[in-house]
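The block underneath contains the structure these notes are about, expressed in structure tokens.
There are 2 protein chains.
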Amino acid sequence: MNPSTSALLMDLYELTMVQAYLEQGMEEPAVFEFFVRKLPARRNFLVAAGLEQVLDYLSELRFSQEELTWLDQSRQVSSRLLDYLGTLRFTGDVESMPEGTIFFPHEPILKIVAPLPQAQLVESRVMNLLNYQTMVASKAARSVLVAGGKPLIDFGLRRAHGAEAGLLAARASYLAGFAGTATVLAGMTYGIPLYGTMAHSFVQAHADETLAFEHFAATQRANVVLLIDTYDTEAAAGKVVSLARKLRANGIIVKGVRLDSGDLSDHARKVRRILDEGGLPHAQILASGNLDEYRLRDLIRTGALIDSFAVGTAMTTSSDAPSLDCAYKLQEYAGRPCRKRSEGKATWPGRKQVYRHHTPDGHLDHDFVTTHDDRLPGEPLLQLVMKNGSRLVPSPGLAELRRHAAAQLGQLPESLRALETMPAYDVRISLALQDLAQTVDRRL
Amino acid sequence: MNPSTSALLMDLYELTMVQAYLEQGMEEPAVFEFFVRKLPARRNFLVAAGLEQVLDYLSELRFSQEELTWLDQSRQVSSRLLDYLGTLRFTGDVESMPEGTIFFPHEPILKIVAPLPQAQLVESRVMNLLNYQTMVASKAARSVLVAGGKPLIDFGLRRAHGAEAGLLAARASYLAGFAGTATVLAGMTYGIPLYGTMAHSFVQAHADETLAFEHFAATQRANVVLLIDTYDTEAAAGKVVSLARKLRANGIIVKGVRLDSGDLSDHARKVRRILDEGGLPHAQILASGNLDEYRLRDLIRTGALIDSFAVGTAMTTSSDAPSLDCAYKLQEYAGRPCRKRSEGKATWPGRKQVYRHHTPDGHLDHDFVTTHDDRLPGEPLLQLVMKNGSRLVPSPGLAELRRHAAAQLGQLPESLRALETMPAYDVRISLALQDLAQTVDRRL
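In order, the protein sequence lines correspond to chains A and B. Here this note's numbering is used: the first residue of the first sequence is 1, the next is one more, and so on. Here this note's numbering is used: the first residue of the second sequence is 1001, the next is one more, and so on.
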């Protein structure tokens, strides 16, 4: 059983509601939009991600015979619903912002237009996919913004929340500008460049640290990065220098060392000097160990002599904001716009479009959220990507999406690049949308 | 491709290190232990979970032909390593605490004894599985402790980090004492009881709220729980009362209502009165919406008239502590105990056992962590569960593990049940283990 592709990865109420819809003949087109209600603390923007996986999910949505049999035996559903699920295919339309696009609260990044039962059934998985990758890409982008061009590597699999999170964190962070990942499956699945060094256990498994380095070098040859903090960082750096001479005689170059504990800036300074004085000025220093965008910023600002960084847990879990206040809401059914008005959770009704305006020098200036039919100036951000269940264009490669994300980050005004909360970006609700909300409310 | 079962869900350095081990003939037995270095903020204990998935992973570890072909083409590995991976099976031993056992920092909950390459290869996935479920079970247990016996339901799939996290959060929270989940796949996979109501979109899809309730009731009949906060909570409660009379004539009973926004306590009081006065004293009130153990405690303490609670995002993401400071460390190789001494990350060496002592009235009193060969009084917590790659006993069912977890929570001393940080539980390092650490350090 593969949780990533099972049609039963849904909430029970979706089945219940669809059963009711079918019994009532409610199969007219519904419009659902996915958006974020408000930014997490300390975030000034979000980066849309996960669309590709949503399109895969919608394209491949099938109930297997095993799932149907279990549903039948569980007596959770009617035979009518079972028949419906047995032949279900997603036949709707999807509009979305391209992955890597910067967006803000109240701006839908995905719109699904499909017969009501279909659009309702996919709610949980669509949210599950978009929430996670968008959250991670947005978190990772903050590290990219402060890293000053130094390469960042995803080391987060071990504390990501399960298998799919580990895999998709590699994708979302690469999309946001990371240089690569340690997660091998992400290399195979998405072609993301792979990086890795050695673990402390490798050093410990040898009775002697120098011998461990020598064994590792003999195997790696072209990619020798040695972990030097298992016992005493500077002493190990000295061992690297001594060993490097011997290795050079065998045609092996020490590419670099990794620091993983203690005061990284202080160790880097001392280790840099040891390496330089030992004839290894080209050996690079990689740092890891509980890094996040704040520690990265401090290290960069203070000129730490570190060449690249591995970022793990904080990024893959989005540790300071491990979820988005996101929603997948019905905005229109059978041509009738609607909205919920629950306290603190009211939404703007109807199917929407977002228009973006730039400053003369190409930075983001303000956005308008308006009704789908209201043509405004500016760049429309939602694009039709799936029609009647079929993709309109082949999936853009991850490399292209990554370039798009980089261009988007380049359009951020200076203030929004900050790691602390800044005055909110100017998102305007159009008059047409405000009018629609009033009309909808009067009808209730 | 199924990320949950792919052998390539690992860090690149594991392949690199194994390649070096094979070249050096380092295939002697290695002992790795998984433990937590320190408790997350506001936690006083942890609940071990995820072992079952680790044993599944170890039992089923295989590199597929597709994975081997990709590895070959990617030129990341030697042909010798490829041959090794092609026939790899896990042949080691595993000791562990039973799932549901309460544990504390420095106490290993899992020990793997296997040829070094095998024990090294599985590092990332073992950590990935134990970190997540233990974190979630520990978080969920806090809600269970304050809920005063009222049922708790997992509603967290939509903001769990990916598919596997959604599925395993249902398992970990059920293990910790939740009554069930909304995630259908968890019902099919683990037999966990399923719960669900309706979404706001169901109400919105109807032009009239009462009609929405009526349609839902007609479908559900035996399980009518109506969501009443889409527009105006108390007004909707009034509609439920009116509708209930009509439904009763058709043999349908309104089982309850759900509140999802606003001041839950205040709404519950008003709604309870409306339901009681409307002849629905048996209709229950379910509350949801950004609940965590702190809000639960407040609602319970103030006597909120709520019968059950749905807990979502805060639990599945362990929002205030979305990772554990956990490690999977080499403690012994070829009979030689070892440890790392990295700053702030030093570990106790050697293969270990944990002995637990209780107070006369059956509460936890203190634990001893000692070397594996040191027989101490008390209850030994680590048990042999896998020998030479085969399980010693069939997997205990989730129901049995849940009873074990409940019994463990019952053994918590009063102070450790608090939601705030309390004085740490007494975990003692035995003299034998202290001596071993000194011996190991002298050798370096």
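Note that beta-carbon positions come from the ideal geometry of N, C-alpha and C, so glycine has one too.
In this structure, how does DSSP classify A/Ala137 when only helix, strand and coil are distinguished? Within the first sequence, residue 137 of chain A is the residue found at index 137, counting from 1. The answer is helix: DSSP assigns A/Ala137 an H, G or I state.
Determine the direct distance from the alpha carbon of A/Leu12 to that of B/Tyr1195, and round the result to whole angstroms. Position 195 of the second sequence, counting from 1, holds the residue named residue 1195 of chain B. Position 12 of the first sequence, counting from 1, holds the residue named residue 12 of chain A. About 7 Å.
Please identify the residue among B/Val1113, B/His1161, B/Gln1118 whose C-alpha is closest to the C-alpha of A/Val136. Mapped onto the first sequence, residue 136 of chain A falls at position 136. The option with the nearest alpha carbon to A/Val136 is B/His1161.
Taking 6 Å as the line, does the beta carbon of B/Pro1322 fall inside it for any heavy atom of the ligand MG? Because no ligand of any kind appears in the structure shown, any question about the ligand MG cannot be addressed here.
Using a Cβ cut-off of 7 Å (strictly closer), state whether A/Val440 contacts chain B. Residue mapping note: residue 440 of chain A aligns to position 440 of the first sequence, counting from 1. With 7 Å as the cut-off, A/Val440 does not count as an interface residue toward chain B.
Look up B/Leu1409 in the DSSP assignment and give the residues it is bridged to. Against the second sequence, residue 1409 of chain B aligns to sequence position 409. According to DSSP, which records beta bridges pairwise, B/Leu1409 is partnered with nothing at all.
Taking C-alpha atoms, which residue in B/Phe1202, B/Gln1411, B/Ala1141, B/Arg1402 lies nearest to B/Arg1043? Numbered from 1 along the second sequence, position 43 holds the residue referred to as residue 1043 of chain B. If we check each option's Cα against that of B/Arg1043, B/Ala1141 comes out closest.
Given a cut-off of 7 Å, decide if B/Thr1347 and B/Ala1432 are closer than it, judged by their beta-carbon atoms. Translated into the one-based positions of the second sequence, residue 1432 of chain B becomes position 432. Translated into the one-based positions of the second sequence, residue 1347 of chain B becomes position 347. Not in contact: B/Ala1432 and B/Thr1347 (Cβ atoms no closer than 7 Å).
What are the residues in the stretch 1180-1194 of chain B lying within 7 Å of chain A by C-beta distance? Ala1182, Thr1183, Val1184, Leu1185, Gly1187, Met1188, Thr1189, Leu1194
Simplified DSSP assignment, three categories, for A/Thr316: Counting from one through the first sequence, the residue named residue 316 of chain A turns up at place 316. It is helical.
Touching by the beta-carbon criterion (3+ pairs, under 8 Å), the stretch 1106-1120 of chain B and the stretch 121-138 of chain A: no
A/Asp426 to A/Leu416 span [Cα, whole Å]: Translated into positions along the first sequence, residue 426 of chain A becomes position 426. Translated into positions along the first sequence, residue 416 of chain A becomes position 416. Spanning the two alpha carbons is a distance of roughly 11 Å.
Of all the beta strand (DSSP E) runs that stay within the bounds of the stretch 1067-1139 of chain B, which reach a length of 3 or more residues? 1093-1096, 1110-1115
Nearest-angstrom Cα distance between B/Arg1075 and A/Ala169? As a first step, residue 1075 of chain B is located in the second sequence; it is residue number 75 there, counting from the start. As a first step, residue 169 of chain A is located in the first sequence; it is residue number 169 there, counting from the start. Taking the straight line from one Cα to the other gives about 24 Å.
Should A/Ala137 be flagged as near chain B, meaning a C-beta pair shorter than 7 Å? For this step, residue 137 of chain A is matched to residue 137 along the first sequence. Taking Cβ atoms only, chain B never reaches closer than 7 Å to A/Ala137, which makes this a no.
In this structure, does DSSP put A/Gly378 in helix, strand or coil? Here residue 378 of chain A corresponds to residue number 378 of the first sequence, with the count starting at 1. Of the three classes helix, strand and coil, the one that applies to A/Gly378 here is coil, per DSSP.
Does B/Glu1023 come within less than 7 Å of chain A when only Cβ atoms are used? The residue you call residue 1023 of chain B lines up with position 23 of the second sequence. So yes, B/Glu1023 belongs to the interface.
Ends of the beta strand (DSSP E) at B/Glu1420? Locating residue 1420 of chain B in the second sequence gives position 420, counting from the first residue. Segment: none, B/Glu1420 is in no beta strand (DSSP E) and carries neither H nor E.
So is A/Ala49 in contact with chain B if we call contact Cβ pairs under 7 Å? In the first sequence, the residue the question calls residue 49 of chain A occupies position 49. Chain B contact via Cβ: absent.
Could you tell me whether the Cβ atoms of A/Gly148 and A/Ala405 are closer together than 7 Å? Counted from its first residue, the first sequence places residue 148 of chain A at position 148. Counted from its first residue, the first sequence places residue 405 of chain A at position 405. Contact flag unset, no.
Positions along the stretch 333-346 of chain A whose CB lies within less than 9 Å of some CB in chain B: Tyr333, Ala334, Arg336, Cys338, Arg339, Lys340, Arg341, Ser342, Glu343, Gly344, Lys345
Contact list for B/Asp1229 against chain A, beta-carbon separation under 8 Å: Stepping through the second sequence from its first residue, residue 1229 of chain B is reached at position 229. Correct list: Ser342, Glu343.
In angstroms, rounded to a whole number, what distance separates the CA positions of B/Arg1221 and B/Arg1258? Counting from 1 along the second sequence, the entry for residue 1221 of chain B is found at position 221. Counting from 1 along the second sequence, the entry for residue 1258 of chain B is found at position 258. The straight-line gap from Cα to Cα measures roughly 16 Å.
Whose Cβ in chain A lies nearer than 9 Å to the Cβ of B/Ser1201? Locating residue 1201 of chain B in the second sequence gives position 201, counting from the first residue. Those within 9 Å of B/Ser1201 in chain A are Met17, Ala30, Phe32, Leu116, Ala119, Gln120, Glu123, Tyr328, Lys329, Leu330, Tyr333, Cys338, Lys340.
Going by DSSP, what residues sit across from A/Arg356 in a beta bridge? Along the first sequence, read from residue 1 onward, the residue named residue 356 of chain A stands at position 356. Paired residues: A/Asp367, A/Glu379.
Other residues of its chain near B/Asp1292: CB distance less than 6 Å, five sequence neighbours each side excluded: The residue given as residue 1292 of chain B occupies position 292 in the second sequence. Beyond the five residues adjoining it in sequence on each side, B/Asp1292 comes within less than 6 Å, by CB distance, of Ala1314 in the same chain, given in chain order.
Backbone CA spacing between A/Tyr57 and B/Arg1301 [nearest angstrom]: For this step, residue 57 of chain A is matched to residue 57 along the first sequence. For this step, residue 1301 of chain B is matched to residue 301 along the second sequence. Answer to the nearest angstrom: the Cα atoms are 43 Å apart.
Run down chain A in chain order and give the residues with a C-beta less than 9 Å from the C-beta of B/Gln1220. Counting from one through the second sequence, the residue named residue 1220 of chain B turns up at place 220. Within chain A, the residues near B/Gln1220 are Thr16, Gln19, Ala20.
Using 7 Å as the limit for Cβ to Cβ distance, is A/Gly262 near chain B? The count along the first sequence starts at 1 and reaches residue 262 of chain A at position 262. Taking Cβ atoms only, chain B reaches closer than 7 Å to A/Gly262, which makes this a yes.
Answer with yes or no whether the minimum CB distance from B/Ser1265 to chain A is below 7 Å. Translated into the one-based positions of the second sequence, residue 1265 of chain B becomes position 265. Chain A contact via Cβ: absent.
Apply the 10 Å Cβ neighbour rule to A/Glu420 and answer buried if 16 or more other Cβ atoms are within range, or exposed otherwise. Looking up residue 420 of chain A in the first sequence gives position 420. Looking at its Cβ environment, which holds fewer than 16 other Cβ atoms inside 10 Å, A/Glu420 is exposed.
Which residue or residues does DSSP assign as beta-bridge partners of B/Asp1011? As a first step, residue 1011 of chain B is located in the second sequence; it is residue number 11 there, counting from the start. Beta-bridge pairing links B/Asp1011 to A/Thr183.
Using beta carbons (cut-off 7 Å, strictly below), is B/Phe1213 in contact with chain A? Looking up residue 1213 of chain B in the second sequence gives position 213. Chain A contact via Cβ: absent.
Would you mind telling me which residues of chain A sit closer than 9 Å to B/Phe1216, beta carbon to beta carbon, in chain order? By one-based count along the second sequence, residue 1216 of chain B stands at place 216. Neighbours of B/Phe1216 on chain A, chain order: Thr16, Met17, Ala20.
Contact set between B/Ala961 and chain A, taken where Cβ atoms lie within less than 8 Å: Any question about residue 961 of chain B goes unanswered here, given that chain B covers just 1001 to 1444.
Would you identify the three-state DSSP class for B/Gly1262, choosing helix, strand or coil? On the second sequence, residue 1262 of chain B is found 262 positions in, with the first residue counted as 1. Here DSSP, grouped into helix, strand and coil, assigns B/Gly1262 to coil.
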